[in-house]
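At position 222 of the sequence shown (counting the first as 1) the number is 222 in our numbering, and the numbers step up by one without a gap.
Beta carbons: idealized from backbone N, C-alpha and C, even for Gly.
Notes follow once the structure below has been shown.
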Amino acid sequence: MRLIDAHCHFDFPEFDQRRRAILEEARTMGLSHLVIPGVRRADWGRVTRVASEYEGLYYCLGIHPWFVQEHSEEDLRALEQSFELRAERCVGLGECGLDRIRGNLTEQSPWFEAQIDIAAKYRVPLVVHSVRTHDEVVEVLKRKQFSGRVLIHGFSGSYQQAAKLVDLGCFLGVGGVATHSHASKTREALRKVPVDSLILETDAPDMSPSGVEPGHNSPVYLRQILASLADVRDADLEDLGRSLLCNVQRFYGWDEIGPSER
Ligand SMILES: [Zn+2]
């Protein structure tokens, strides 16, 4: 079975001593591609470098809501420029978005909106971080009539919230939360939404699946997340794996351009 980790912070220093070993182990479990999101301009160089160092690694660039304060207009121009001269391995804009728990929504909003505009202008998929802000995300995507592809990464929320996002055409990122039996509300949502709206991710090193120490998450656990999702949906593991692979390829536009197979 082939797996793609749609969102993994593989550039983080937590992986420095064991990046190659983790990748090799994950590959034995079926991992073929992994996408590293960008969270702040200061890290974009590292994201690009790590993604370029290994086969099958791709990346996104963006400004995460937690880090908006350290950025300026000039950084948005730089972001825009990187999509103008888009490198082959740069496959999307993100992660950007809103977070009600950490930071201030009034401060985060203009950054999110500016990045939606850039994604629209350059027709690149948008990777969204949304924590207790699903209604706001739906509102802004509608208001801007954003017609590109959107991934609400690490989805957590109710079926009602999931349905609104899916109705709008968004994909929902399924991570470690699917493995936690106490996350019943989110699991209920992941059970009921159409299978073609789901995308697999680890968000490693964070969002540890059940049984994995906090901060020790890695792409090695992608298969465990898939297995939990298959359980939750009462679906066949292989079938579900194939569907989710198609979804992530559709999201990053790989069904059109095809990342070179190796
Ligand atoms: Zn993330």
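Residue i burial status per 10 Å Cβ neighbour count (16 or more: buried)
i: R262; result: Summary for R262: the model assigns pLDDT 36, below 50, so the residue's position carries little reliability, and this model does not support an answer.
i: I101; result: exposed
i: Q69; result: exposed
i: S301; result: This structure gives no information on residue 301, because the portion of the chain shown stretches from 1 to 262.
i: G56; result: buried
i: C246; result: exposed
i: G175; result: buried
i: Q17; result: exposed
i: L85; result: exposed
i: T28; result: exposed
i: P37; result: buried
i: G241; result: buried
i: Q160; result: exposed
i: R20; result: exposed
i: D43; result: buried
Collapsed DSSP secondary structure at residue i in the structure displayed
i: E139; result: helix
i: S184; result: helix
i: H7; result: coil
i: S52; result: helix
i: E95; result: strand
i: G211; result: coil
i: A126; result: Checking the sequence shown, residue 126 turns out to be Leu, not Ala. Note: L126 maps to strand in three-state DSSP.
i: G173; result: strand
i: I116; result: helix
i: S243; result: helix
i: H134; result: helix
i: Y252; result: coil
i: L34; result: strand
i: L85; result: coil
i: I101; result: coil
i: V232; result: helix
i: I199; result: strand
i: I63; result: coil
Minimum C-alpha distance to residue i - residue among the options
i: F251; options: H134, G148, A162; result: G148
i: S32; options: R132, Y54, D231; result: Y54
i: G173; options: K144, R143, H182, A204; result: A204
i: K192; options: G253, V39, D234; result: D234
i: Q145; options: R49, D75, A119, V248; result: A119
i: V248; options: P125, V140, V232, H134; result: P125
i: C170; options: A51, Q115, V150, I116; result: V150
i: D255; options: V91, G45, R49, C60; result: V91
i: S299; options: L198, S210, D196; result: The question about residue 299 has no answer, for the chain in this structure spans 1 to 262.
i: E88; options: W111, D117, A51, K121; result: A51
i: T48; options: I225, V232, Y122, F12; result: F12
i: L198; options: A183, Y122, S243; result: S243
i: V137; options: N217, H216, S184, L168; result: L168
i: E14; options: V195, H216, G45; result: H216
Sequence-distant residues of its chain with Cβ nearer than 8 Å to residue i (five each side left out)
i: H129; result: H64, P65, G94, E95, C96, G97, L98, D99, H153, G154
i: P219; result: D5, C8, F10, I22, L23, A26, L31, L34, T202, A204
i: I257; result: Unreliable positioning characterises I257 in this predicted model, as indicated by a pLDDT of 47, which lies under 50. A coordinate reading is not provided.
i: Y133; result: Note that residue 133 is Thr in the sequence shown, not Tyr. The answer, listed in chain order, is G97, L98, D99, R100, L105.
i: D236; result: A230
i: E238; result: M1
Own chain partners of residue i with C-beta closer than 6 Å, once the 5 adjacent residues on each side are dropped
i: T186; result: S156, V177
i: D206; result: none
i: V82; result: One point to set straight first is that residue 82 is Ser, not Val, in the sequence displayed. Taken in chain order, the residues that qualify are L61.
i: E73; result: none
i: G253; result: none
Assumed close pair residue i, residue j - CB separation to whole angstroms, cut-off 8 Å
i: V166; j: G62; result: At roughly 22 Å, the Cβ-Cβ gap does not stay under 8 Å, so V166 and G62 are not in contact.
i: A230; j: A189; result: With 8 Å as the limit, A230 and A189 do not qualify as a contact, their Cβ atoms being about 16 Å apart.
i: E113; j: V140; result: 6 Å
Cβ shell of residue i (< 7 Å), same chain only, five flanking positions each side left out
i: R2; result: G30, S32, L245
i: F67; result: V39, R40
i: T179; result: P209, S210, Q224, I225, S228
i: Y221; result: T202, P209, V212
Any chain B beta carbon closer than 9 Å to residue i
i: A235; result: Going by chain labels, chain B is absent from the structure shown, which holds only one protein chain.
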